[in-house]
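Here is the structure we will look at, set down as C-alpha cells.
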Amino acid sequence: MPAVGSSISPWANLEHTGASMSNREGLDPLNSKPALDILARAFLGDALANHPLASPVFADVTGLPPILVQIGENELMLSDAMRLATHLADNRVRVNLEVWPAMFHAWHFYATMLPEGQQAMESSVRFIETGLADANR
Numbered sequence: 001m002p003a004v005g006s007s008i009s010p011w012a013n014l015e016h017t018g019a020s021m022s023n024r025e026g027l028d029p030l031n032s033k034p035a036l037d038i039l040a041r042a043f044l045g046d047a048l049a050n051h052p053l054a055s056p057v058f059a060d061v062t063g064l065p066p067i068l069v070q071i072g073e074n075e076l077m078l079s080d081a082m083r084l085a086t087h088l089a090d091n092r093v094r095v096n097l098e099v100w101p102a103m104f105h106a107w108h109f110y111a112t113m114l115p116e117g118q119q120a121m122e123s124s125v126r127f128i129e130t131g132l133a134d135a136n137r
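Under the UniProt record's numbering, the first residue of the sequence shown is numbered 1, with each subsequent residue one higher.
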C-alpha cells in the first residue's frame, strides 16, 4: 500500500450522475458529457459503470492512505470528485479536497502557462512530502 495518494481531476464516477455533468457543460474546455460517455463505454466494455474498480465512489476504500483530491471549479467531474472526497472521509480515510476557482480539467498540465497549474502541482508535492514524512515516523 502506498503511504499517500494524490488525484488530479479524478474521473471517479463513470455513471456521470453528478450535477456538475450538466451545470458545468460548456465551462470545461477539455470535456463534454457526450465525449465522456463515449470514453466510459469504450473503457468499460461490458462492465457496469458503477463497478467499484471503474468508479471509486462505489469502492471499498477502507484502509487507504491519506489522499489529496484536486478538482477545478469548472470541471464536469466536480460533483463526483466532491462525492469521492466525502466517500473517503466517511470511511475514515484522511482526505484533503481542493477546489480550484475557475479551473478546468487537468489544468496542472498547463503549469508552464498557468500560475494555478504550478501552484496546484506544488500543493500536491507538499501533500505527498508530508504524507511520506508522516509514514516514516
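Built from N, CA and C at the ideal position, the CB exists for glycine as well.
Can you give me the C-alpha to C-alpha distance between residue i and residue j, rounded to a whole angstrom?
i: S79; j: G18; result: 5 Å
i: F58; j: S20; result: 18 Å
i: H51; j: P66; result: 23 Å
i: A130; j: P34; result: Here residue 130 is Thr; the residue named in the question, Ala, does not match the sequence. Between T130 and P34, the C-alpha separation is close to 39 Å.
i: N96; j: P115; result: 21 Å
i: T112; j: Q118; result: 7 Å
i: W107; j: A133; result: 27 Å
i: S9; j: D37; result: 17 Å
i: G5; j: P56; result: 14 Å
i: N136; j: L30; result: 38 Å
i: V69; j: M121; result: 12 Å
i: N23; j: D46; result: 29 Å
Between which two residues does the beta strand (DSSP E) carrying residue i extend?
i: V69; result: 67–72
i: V95; result: 95–100
i: S22; result: Not the beta strand (DSSP E): S22 falls in the alpha helix (DSSP H), residues 20–23.
With 16 other CB atoms within 10 Å as the buried threshold, where does residue i fall?
i: D75; result: The sequence given here places Glu at residue 75; Asp does not occur at that position. When all chains shown are included, E75 counts as buried.
i: G72; result: buried
i: D28; result: buried
i: A102; result: exposed
Could you give the first and the last residue of the continuous alpha helix (DSSP H) run that contains residue i?
i: S55; result: Here S55 belongs to no alpha helix (DSSP H), and DSSP marks it neither H nor E.
Examine chain B for any beta-carbon lying closer than 8 Å to the beta-carbon of residue i, and answer yes or no.
i: A102; result: No chain B is part of this structure, which consists of one protein chain only.
Are the Cβ atoms of residue i and residue j separated by less than 8 Å?
i: M82; j: H105; result: no
Meets three-Cβ-pair contact criterion under 8 Å: the region 35–43 and the region 81–96: With the cut-off at 8 Å, the region 35–43 and the region 81–96 do not touch.
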